[in-house]
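Below is one structure, written out as structure tokens; comments come after it.
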Amino acid sequence: MTGRRSVASFVIFVAAAATLACDRGGAIEEPVAPSLEELSSAAFTGIYDEAVTLVEGRWEGEPFVEGGASRPSVGLVDHFALIGDLDGDDREETTVLLWESLGGSGTRLYLAVMGRNQDDLQDLGTALVGDRVQVRGARIADSRIELDVVQAGPGDAMCCPSQLATRGWALGEGNLVEGETTITGTLSLDNLGGPEWVLSELGWDESVSDVPEITISFDDDKVTGSGGCNRYFAAVAGNIPGELVFSGMGTTRMACQESTMGLERHYLKTLAGASSYSFLG
């Protein structure tokens, strides 16, 4: 979506890019890049000594202690896929993000590239992005994967990264190889300005309909948007990176269907209570 992005309880998601290879001249059908549905049951290497095979997008290992709750787990990051040619063979590969948790507070993020060898999926490489790294933007440029990230900088606690950077990876001999990192600034509310954000989830895994759209736009110290029926406005501040404080919230007074009004009330109450924001990761 040009100029528009999705927001879910102020966890900001990168819009997935999806392009399919087409039949050229009707004679030879080019291999199509692996789909997210296929990858939700694929085997990935490079995280542990043994490959992990996802089931409906998730893998869980044995508990660290018999009968315990903590165990290793890996899963596909929702709402993310990059499709493009990374190895110069004129065939498109699919790049996804994987999260890994050992049961504690940290979550490590990985990049993984899958291609297709005839009818079989081909694991082309996996690389660690980092612990609690957030992804603000992603693209394929000159056969490289580029991520705009929020990561821990000098003096940052691991819980609260604030350094903005652009990092890139290319396919090497059997793996992804990271190149140079460019530091681009420090996280602030300014990074939310520009696009109109569109609500896709209200809380974890609580999807919402896109009709009517619920939106928010940030402009300096103010926000405006649509709650699905009424327009709303508020002042916003953030004294430290990642902080979010709303005040003076108000709305117009239109009446709509009760289902729409109920969702709007739920959204505005959740929004007023929000205290932080983060990006995909």
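Residue numbers for the sequence shown follow our numbering, beginning at 39 and rising by one. Glycine residues also receive a C-beta, built at the ideal position from the N, C-alpha and C atoms.
For Ser-285, no alpha helix (DSSP H) segment is defined; the enclosing uninterrupted segment is the beta strand (DSSP E) at 283-289.
Annotated three-state conformation of Thr-145 is coil, per DSSP. The residue among Thr-290, Leu-77 and Asp-125 with its C-alpha nearest the C-alpha of Thr-91 is Leu-77. Leaving aside the five residues that flank Leu-159 on each side, the residues in its chain whose CB is nearer than 7 Å to its CB run, in chain order, Pro-72, Glu-76, Ala-80 and Met-152. Under the 8 Å Cβ criterion, the region 251-263 counts as touching the region 229-241, having at least three qualifying pairs. Short of 8 Å from the beta carbon of Ala-208, and not among the five residues preceding or following it, lie these beta carbons of its own chain, in chain order: Leu-124, Ser-181, Arg-182, Ile-183, Leu-214, Val-215 and Gly-217. With distances taken between CA atoms, Leu-225 lies nearest to Phe-317 out of Arg-303, Asp-128 and Phe-317.
Here Leu-140 has Pro-110 as same chain residues with Cβ atoms under 6 Å from its own Cβ, once five neighbours each way along the sequence are excluded. Under the DSSP assignment, Glu-76 falls outside any beta strand (DSSP E), being part of the alpha helix (DSSP H) whose first and last residues are 74-77. Between the alpha carbons of Cys-197 and Val-173 lies a gap of roughly 15 Å. Scanning its chain for C-beta atoms nearer than 7 Å, with the 5 sequence neighbours on each side dropped, one finds around Val-93 the residues Ser-79, in chain order. Here Glu-184 carries a strand assignment [DSSP, helix/strand/coil].
Bounds of the alpha helix (DSSP H) holding Ala-310 are 296-310. Contact between Leu-282 and Ser-238 is ruled out by a C-beta separation of about 18 Å, above the 8 Å threshold. Judged by their CB atoms, Leu-240 and Thr-308 are nearer to each other than the 8 Å cut-off.
Distance from the CA of Ser-108 to the CA of Pro-101, rounded to the nearest whole angstrom, comes to 6 Å. Comparing alpha-carbon positions, the option among Gly-223, Ala-150, Ala-293 and Thr-204 lying closest to Gly-210 turns out to be Ala-150.
With respect to Thr-298, Cys-267 sits close: the two C-beta atoms are nearer than 8 Å. Secondary structure of Asn-213 (DSSP, three-state): coil.
Judged by DSSP in its simplified three-state form, Leu-124 adopts coil rather than helix or strand. DSSP places Glu-239 inside the beta strand (DSSP E), whose first and last residues are 234-239. Cβ-Cβ separation between Leu-136 and Val-115: approximately 7 Å, consistent with a contact (criterion under 8 Å).
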